[in-house]
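Okay, structure first, notes after.
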Amino acid sequence: MTQLWDFAGGVHPAENKHQSTSRPIRRAGIPERLILPLQQHIGTPAEAIVSIGDRVLKGQKIAEVTTGIGVPVHAPTSGTIEAIEQRQVPHPSGMADWCIILKPDGEDQWGERNPASDYHQLGRDEVLDRIRNAGISGMGGAGFPTDIKLRPPRDRKVETLILNGAECEPYITADDMTMRELADEVVAGMKVMAWILRPSRCVVGIEDNKPEAIEAMRKAVQGTQIEIAVVPTKYPSGGEKQLVQILTGLEVPSGGIPADIGVMCQNVGTAVAVSRAIFEGIPLISRVFTISGDAVQEPGNFDVLIGTPVSDLLAAAGLQADKLNRLVLGGPMMGYTLTTDQIPVIKTSNCVIAATRAELPAPPPEQPCIRCGECAEVCPMELLPQQLFWYSKATEFEKAEHLNLFDCIECGACSYVCPSSIPLVQYYRFAKGEIRTQRAEQLKSDRARERFEARQARLEREQQEKELRRKERAKAAAEAQAQKQAEAEQTVSQGDAVDNRDAKAALVQQALERKKAKAAQATESTQQPPTKPAEKPDIEALEKQLTQAEAKLNTMQTMLDDAKTQQADNVDKLERAVAKNHDRVVRARDALAQAHKLAGTESSPQLSE
Amino acid sequence: MALVQQTSPHARNARPTSRVMLWVMLATVPGLIAQTLFFGWGNLINVVWCVALALGSEAVILKLRDKPIAFFLKDNTAAVTGLLLGLSLPQFAPWWVSGIAVISAIVVAKQLYGGLGSNPFNPAMVGYALVLISFPVAMTTNWAQPATLWAGAPGFGETLATIFSASQTSIDAWTMATPLDEYKHKIATFTAAEVLQHPTFGDLVARGWEWVNLAFLAGGLVLIWLRIITWHIPVAFLGAIAVMSLAFGSNADQYAPLQLHLLAGGTMLGAFFIATDPVSAATSHQGKLIYGAGIGVLIYLIRTWGNYPDAVAFSVLLLNFAVPFIDHYTPPRTYGHHKARRGVPGKNGG
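Same order as they appear, the protein sequences are chains A and B. Just so we're on the same page, my numbering is the position in the first sequence counted from 1, plus 234. Just so we're on the same page, my numbering is the position in the second sequence counted from 1, plus 295.
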């Protein structure tokens, strides 16, 4: 007996599966037109490699992904390429996207096929290449390219390979019927994947409401090491994270993938596709698809060519158009409504419910949330849906994110039980969308700001350089002026040394000059960043400055000596002036030495005390 | 072909709020029957009066607020508020006291805060606390003495006349201090054995009260069984009272004994029907445990050392204040996360 774990929350919606399991899988046949979207997988859209008017054979590659992640698209039958145009594709928004329109010729003529009798001989890379070239992407709904998923990073060894046959959504029975009727192909495909991954454990998880499928699968795995795990029916046990928890007791880390904890989930349908690709050389050109709901008379499963319009299938199942009220693609819990039946079945589609009004009635009007907590009781992710609702509604997205909004898997269990019939999931989708938009805009504005700041910095630098050049010119002019004055003073002090009044006037004048010079020096030192050696120091100017300073010092010294001999009352003032001038001389020498160093001439002028 | 456009999920199976509230009301019926059997018609008259007034004032305020009246009246939440007040007010509380309690509950505590789902405080308890503080005499001297309907309780007409008369002079013969009140005030001077001689205590725990509380307990268990409430708040609430009583008040000659705490006063009504009001309670399971335990502790503290013989209303309101705080620090651990993201965004692992 396989050990099972439980997951939190969950609900038990009416299963409504019996309607579509009473008939065997029927062939839907070849429709009049096939609509083949270029993007049926996650990643880069494929590019058409055929032209309008080309005749293509069944299984022929008609679109390929050359750069980026993605898988090719194949012609599901032989025929002519009629158009490559925008058509409405399966998407909640009802958007249109590029599709290849194939008009079948009815001959269903195969192109070249390359089956492998013994894939072990091929090597893993070749097998993975064939899986990719068969256009296989996850058929459970997400559509991630299977070959890439089967190449987990080297540090993520897959210990447990899980085949997801839980199919917990009501109505849908595509996997159920696949396991019942194609169990051998399911097991063969799983064996190929197991051979690639070499896990220590292979397990198929099936809900206990599918006894026939369990029986068929048990028979098919006889003689292999594959386990069949019968899991209790509880929605959403088929959610990847929930099934991982049920079968391993481990939780997929938030924001991570199962491979992070050594687990990989593959879908039952994907296993069949792998089996066909390897053993028969058949690319992914058809899938099992459920048509159910009270508005069809013969609900059931169909083997459908990819690209078949839903309208054809509804007709095949006996649609009663007057009863039809709602078309849901997918299940009643997570599926979305279609605006038209003119959309194709693609690789990830599994079910259409043609519901009557009584079957899926419109919800009653939304009432205020009373925080009853039913939603938290059923949340399989253990979130606080009622709090997320408040914050989403109030657009307090930061708080919603803090309460792990992005861990919400949108399973709909909370809305299913909400006594106030609040469309909770819709609020979360809104909040997620808004947050994503905000992030994108944030990124955009960040880039714009960076560009702006870079420009501002450049302009400022240019301005500074200009200012600096102006300052230097001004300083040179001031120095020339000062020298003239000093010479004049020298003459004055020599000529009339005893005249105290003249001497004092001269002192004032000198003090003023000192101040001016100092100010100039100060601005110079702040304006001129020391880390900018690119500026070539003007050695000549500095030498001139030093000479001038020395001359001034001499003058002052003479004046001081004179004053001392005459016992004048300005001795201490003069002493201070001499000290200052002495400092200035030293500074000038240092500056000069620095300049020499920068200029590369390692000469330092001698200090002459 | 006009196809309906609808967001998922397309299937629903919810118990509508109106039905949830109906179940809550039905679950109080055993308690109401016990009250009527052991204390006379007072509670029943109060319930009818309070429910009618609650619906009336809800309709008026909805009209003033320009909201759809029938849509909101049908959710049964106003009726529940009136019902809870009718069940918890003294049996002979004059009509205007219960009237003020109901109107302030519906108009102020519920609708002025934004109506259903937006009120931070339990409306019924706001009304109750308001009249308890404003009219202490009317709220303490109007408790019916335990007298069964078949022996001793005043008749329906007399009760009705008393409640709705202008003056309440004739009722002293029918009223009596509640057991909690009696015990609290007498135990300072008498021994437990002497205090328990008082007729309010009867042969078991507290005459009449014990059956009323057991009936509310039964109704509460039905609510848990129906998954309308979870066990967390009542269990934490009663557990906290028990722990406090055993830890601090095990001496019956000093403090009211545990069985009196559990089976007298509004304990069971509070634990299963009042503290569990989802709008004003904590949200996560852990939060509910803290919330319930906080109420239980406060009830014990106020009953034992405070000025009031009972304390459900004050304790619930005080913990209502604490709910946003509790909710901040008790989110559940989400699948795939190592631990819960406590606190506010931007801090503490945000």
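Where is the CB? At the ideal position from N, CA and C, for every residue including glycine. Keep in mind the model is a prediction, meaning the values are calculated, not measured.
Run of the alpha helix (DSSP H) containing residue i, from where it starts to where it stops
i	result
Met411/A	408 to 415
Asp498/B	Taken as a continuous stretch (DSSP letters only), Asp498/B belongs to no alpha helix (DSSP H), as it is neither H nor E.
Leu557/B	553 to 558
Gln621/A	619 to 627
Thr845/A	For residue 845/A there is no data in the structure shown, the boundaries of chain A being 235 and 843.
Under the three-state DSSP convention, the category residue i falls into
i	result
Phe609/B	helix
Phe241/A	coil
Gly423/A	helix
Glu611/A	helix
Trp332/A	strand
Phe416/B	coil
Phe686/A	helix
Lys337/A	strand
Tyr630/B	coil
Pro573/B	helix
Ala284/A	Before going further, note that residue 284/A is Val rather than Ala in the sequence given. Val284/A falls in the coil class under three-state DSSP.
Gln273/A	coil
Phe485/B	coil
Tyr469/A	strand
Pro763/A	In this prediction, Pro763/A has a pLDDT of 49, which is less than 50 and means its spatial position is unreliable; nothing more can be read from the coordinates.
Arg637/B	coil
Arg261/A	strand
Residue from the options with nearest C-alpha to residue i
i	options	result
Glu266/A	Pro487/A, Gln724/A, Arg704/A, Asp339/A	Asp339/A
Glu393/A	Ser583/A, Thr407/A, Arg414/A, Met427/A	Met427/A
Asn844/A	Pro387/A, Glu485/A, Leu572/A	No answer is possible for residue 844/A: the residues shown for chain A start at 235 and end at 843.
Ala483/B	Val432/B, Phe459/B, Ala551/B, Leu518/B	Ala551/B
Val437/A	Glu449/A, Ile430/A, Val421/A	Val421/A
Leu332/B	Asp548/B, Leu541/B, Phe496/B, Gln440/B	Gln440/B
Arg435/A	Glu446/A, Ile460/A, Ala588/A, Ile525/A	Ile460/A
Phe496/B	Trp520/B, Val343/B, Ala442/B	Ala442/B
Val820/A	Ala797/A, Glu281/A, Glu784/A	Glu784/A
Residue-level contact to chain B via CB, residue i, 7 Å cutoff
i	result
Pro764/A	Low per-residue confidence applies at Pro764/A: pLDDT is 48, beneath 50, and the placement is therefore not dependable, though the value from the model is reported in the following sentence. It does not: the Cβ of Pro764/A has no partner Cβ on chain B nearer than 7 Å.
Glu632/A	yes
Val562/A	yes
Tyr661/A	no
His325/A	no
Arg390/A	no
Gln672/A	no
Cys606/A	yes
Cys603/A	yes
Asp641/A	yes
Pro767/A	Model confidence at Pro767/A stands at a pLDDT of 48, short of 50, so the residue's coordinates are unreliable and nothing is read from them.
His636/A	yes
N- and C-terminal bounds of the beta strand (DSSP E) containing residue i
i	result
Leu516/B	Careful: Leu516/B lies outside any beta strand (DSSP E), inside the alpha helix (DSSP H) at 504 to 520.
Asn501/A	497 to 501
Gln576/A	Counting along the chain, Gln576/A falls outside any beta strand (DSSP E), and DSSP gives it neither H nor E.
Ser312/A	Neither: Ser312/A is in no beta strand (DSSP E) and is coded neither H nor E.
Glu393/A	Element bounds for Glu393/A: n/a, residue is neither H nor E.
Cutoff 7 Å: residue i Cβ touching any chain A Cβ
i	result
Lys634/B	no
Val299/B	yes
Leu411/B	yes
Pro573/B	yes
Pro363/B	no
Tyr630/B	yes
Ala306/B	yes
Pro626/B	yes
Thr302/B	yes
Thr312/B	yes
Pro418/B	no
Pro441/B	no
Residues of the region 645 to 657 of chain A in Cβ contact with chain B at a cutoff of 7 Å, in chain order, please.
Within the region 645 to 657 of chain A, the qualifying residues are Gly646, Ser649, Tyr650, Val651, Cys652, Pro653, Ser654, Ser655, Pro657.
Could you please tell me which residues of the region 549 to 575 of chain A, in chain order, have their CB closer than 9 Å to any CB of chain B?
Under the 9 Å Cβ criterion, the region 549 to 575 of chain A contributes Ala555, Leu558, Asn559, Arg560, Leu561, Val562, Gly564, Gly565, Pro566, Met567, Met568, Gly569, Tyr570, Thr571, Leu572, Thr573, Thr574, Asp575.
At a Cβ cut of 8 Å, what residues of the region 396 to 426 of chain A count as close to chain B, listed as they run along the chain?
Of all residues in the region 396 to 426 of chain A, the ones placed with a Cβ closer than 8 Å to any Cβ belonging to chain B are Pro404, in chain order.
Under 9 Å (Cβ pairs) to chain B, residues found in the region 246 to 257 of chain A:
His246, Pro247, Ala248, Asn250
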